[in-house]
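Working notes for the structure below.
In the working numbering, the protein residues as written are 650 to 932.
So this is what it looks like as structure tokens:
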């Protein structure tokens, strides 16, 4: 199984289509959580929220074409400059979101949450190409803000808090490992497994604390009876156990070298993130 194309170094960890699918699934998850919350929402609020979400998704898609996505080492497939790297789409989204807030008298928390989401979309595009370390923080923040922002568009920001916190921690871990893979590709002309192990083991060691925190925080909604047992079992078997297995192989490589273990972790972790989103949706 480990020799399949799924774990191949030739496959991008996160393709544009996969990234787009995860963003769409995140927004749909928030909409489902809002529906189950029982809070009444007018048709006009739904319409404005839907259009604003489409603009954000489009902005994220354009951004992924104008700069390298995680694991995309070519930076090809540029989008038309008319969109100004997604800033125009993000700006239109802010206008619609503010209009929705004004028309439906949303709280300050709702307004801040959706405006900050569009702001981060543009900020990441401006800072990441200039400062490589910015990606490790801004990408998890942007992914987390999708949940609070989409919830804010519906005037119900509270439903996005737990998913945002859990996703931030998970994406932070994934972003660190993706950055390490990219760094290895740019540094080593030939893979030296021993050198890679000694060079990056400390980085993975402190990242392990974030990974542990992710495991703890992800159970809080279930322990607090906010999410049901379906969330718990899908979290256990679809997210926690697979992540722990591949993380363990990464931290303590056995038959394979650390670089091979890193590739396997990076190829499967974005897919596991998709399972986490499904757990939110049905939980």
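Just so it is clear, CB atoms sit at the ideal spot from N, CA and C, and this is done for glycine as well. Everything numeric in this text was worked out from a predicted model, so none of it was measured.
Asked	Found
Whether residue 756 touches residue 697 by CB criterion (9 angstroms)	no
Rounded separation between residue 793 and residue 845 - CA only	31 angstroms
C-beta atoms of residue 932 and residue 876 nearer than 9 angstroms	yes
Given 8 angstroms, three or more beta-carbon pairs between the stretch 912-922 and the stretch 851-858	no
Meets three-Cβ-pair contact criterion under 8 angstroms: the stretch 740-748 and the stretch 763-775	yes
Extent of the continuous alpha helix (DSSP H) to which residue 880 belongs	878-884
Beta carbon of residue 680 nearer than 9 angstroms to that of residue 799	yes
Proximal residues to residue 709 (C-beta, below 6 angstroms), its chain only, five neighbours per side dropped	672
Residue burial classification, residue 666 (beta-carbon count within 10 angstroms, cutoff 16)	exposed
Residue 874 (DSSP reduced to helix, strand or coil)	coil
Contact set for residue 677: own chain, Cβ-Cβ below 8 angstroms, skip 5 residues either direction	930
Distance CB(residue 669)-CB(residue 700) smaller than 9 angstroms	no
Sequence-distant residues of the same chain with beta carbon closer than 7 angstroms to residue 909, five excluded per side	none
Helix, strand or coil at residue 803 [DSSP, three-state]	coil
6 angstroms CB neighbourhood of residue 888 in its chain, flanking five on each side removed	921, 924 and 925
Coarse secondary structure for residue 940, derived from DSSP in three states	Given a span of 650 to 932 for the chain in the structure shown, any question on residue 940 remains unanswerable.
Beta-carbon contacts of residue 816 that lie in its chain and below 7 angstroms, excluding the five residues immediately before and after	792, 793 and 796
Residue 831 (DSSP reduced to helix, strand or coil)	helix
C-alpha gap between residue 805 and residue 782, whole angstroms	33 angstroms
Where residue 827 falls, given that 16 or more other Cβ within 10 Å makes a residue buried	buried
Proximity winner among 753, 900 and 706, relative to residue 822 (alpha-carbon distances)	900
Whole-angstrom distance between residue 886 and residue 829, CA atom to CA atom	27 angstroms
Within 9 angstroms, strictly: CB atoms of residue 674 and residue 812	no
Cα-Cα separation between residue 896 and residue 914, rounded to whole angstroms	7 angstroms
For residue 785, the nearest candidate out of 689, 660 and 824 (CA to CA)	824
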